[in-house]
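To start, the structure itself, in structure tokens.
Numbering (this note's numbering), first residue to last: 59 to 313.
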């Protein structure tokens, strides 16, 4: 399967819900409470059928997203079926991390269950290490749960764990260095993402937009000139760099 420019399409993102247990102010207006009717959401069986069709057309990599995908019931049973589809070689999931420590079986966390079900990589949203700022951004006091969820993901043994940070001038621009240190101390990949116009919230204004170039300068002021790594590729659109003197990668994703 190719796009009109002749690029081979091998990567499929599958959103299994529009629901989320947070209200990030760059994503969803706080007053929004209406969700799609359940009968308008594809069933797991329908979604698996679409993935099989995509695999027949050449898709080899699948990422499960939302909303917050872990809020949907029986999500582990669903993802367990995806690696069984012929041709699917890579399975990832993107989450806000709030539910990774939920015990879904005696002694088994959600993170461990996902890994056992065949999920190889996991992306976790983390915009700040400051609990007060986290509440301001997400509208929820789940900061401790997310940090615990990241540790649970590490313990679960995923092949790759990435932290995603949305760049916001005047809000979390002082968190870039602490987040880089946090990721490096745990051997995690950190990606900085420019704000994208995905909602009508007031935070999506020019004055709150923090360009990648500015973020990169902040990182280089602390760690030195970043070393481009064009050969390091993952399924996403990030451009990756290595921090000098460290076995640590960070990525940048433009709007």
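For every residue, glycine included, the Cβ atom is placed at its ideal position computed from N, Cα and C.
Since the model is a prediction, treat every value here as computed from it, not as a measurement.
* Asked: Between the segment 97-107 and the segment 268-276, do three or more beta carbon pairs fall short of 8 Å?
  -> no
* When you compare each of 194, 214 and 192 to residue 165 by their alpha carbons, which one comes out closest? -> Position 107 of the chain shown, counted from the first residue, corresponds to residue 165. Comparing Cα-Cα distances from residue 165 to each of 194, 214 and 192, the minimum goes to 214.
* If we call anything under 8 Å between Cβ atoms a contact, is residue 181 one with residue 220? -> Reading the chain shown from its first residue, position 123 is the one you call residue 181. Reading the chain shown from its first residue, position 162 is the one you call residue 220. The Cβ atoms of residue 181 and residue 220 sit closer than 8 Å to each other.
* Which partner residues does residue 322 have in the DSSP bridge list? -> Missing from the structure shown is residue 322; the chain here goes from 59 to 313 and no further.
* 6 Å Cβ shell around residue 300 - same chain, five flanking residues per side excluded -> What you label residue 300 is simply residue 242 of the chain shown in a count that begins at 1. So the list reads 285, 287 and 307, once near-sequence residues are dropped.
* **C-alpha gap between residue 187 and residue 311, whole angstroms** => Residue mapping note: residue 187 aligns to position 129 of the chain shown, counting from 1. Residue mapping note: residue 311 aligns to position 253 of the chain shown, counting from 1. Between residue 187 and residue 311, the C-alpha separation is close to 20 Å.
* How would you call residue 189, buried or exposed, if buried means at least 16 neighbouring beta carbons within 10 angstroms? -> Here residue 189 refers to the residue found at position 131 when the chain shown is read from its first residue. Exposed is the call here.
* Asked: Where do the N-terminal and C-terminal ends of the alpha helix (DSSP H) with residue 250 fall, by residue?
  -> As a position in the chain shown, residue 250 is number 192, starting the count at 1. Looking at the DSSP string, residue 250 is not in any alpha helix (DSSP H); the run it does join, the beta strand (DSSP E), is 247-252.
* Taking Cβ positions, are residue 217 and residue 179 nearer each other than 8 Å? -> Here the question's residue 217 lines up with position 159 in the chain shown. Here the question's residue 179 lines up with position 121 in the chain shown. Closer than 8 Å, so yes.
* Chain-order list of residues whose beta-carbon lies under 6 Å from that of residue 290 (same chain, five-residue window excluded) -> The residue labelled residue 290 in the question sits at position 232 within the chain shown. The residues are 298.
* Asked: On the three-state DSSP scale, how would you describe residue 286?
  -> Within the chain shown, the letter at position 228 stands for residue 286. Residue 286 falls in the strand class under three-state DSSP.
* Between 115, 69 and 94, which lies nearest to residue 6 when the distance is taken from Cα to Cα? -> With the chain covering only 59 through 313, there is no way to say anything about residue 6.
* To do: Have a look at the DSSP bridge pairing and note the partners of residue 161.
  => Within the chain shown, the letter at position 103 stands for residue 161. Answer by DSSP bridge pairing, in chain order: 167.
* Where does residue 9 fall in DSSP's three states? -> Residue 9 is absent from the structure shown; the chain starts at 59 and stops at 313.
* Just the Cα atoms here: how many angstroms apart are residue 108 and residue 228? -> Indexing the chain shown from 1 puts residue 108 at position 50. Indexing the chain shown from 1 puts residue 228 at position 170. Rounded to whole angstroms, residue 108 to residue 228 spans 42 Å at the Cα level.
* Spatial neighbours of residue 159 within its chain, please: CB distance less than 8 Å, with the 5 preceding and 5 following residues excluded, ordered by chain position. => Walking along the chain shown from the start, residue 159 turns up at place 101. These residues qualify, in order along the chain: 167, 168, 169, 203, 206, 207 and 210.
* Three-state secondary structure assigned by DSSP to residue 84 -> Position 26 of the chain shown holds residue 84. DSSP places residue 84 in coil when its eight states are reduced to three.
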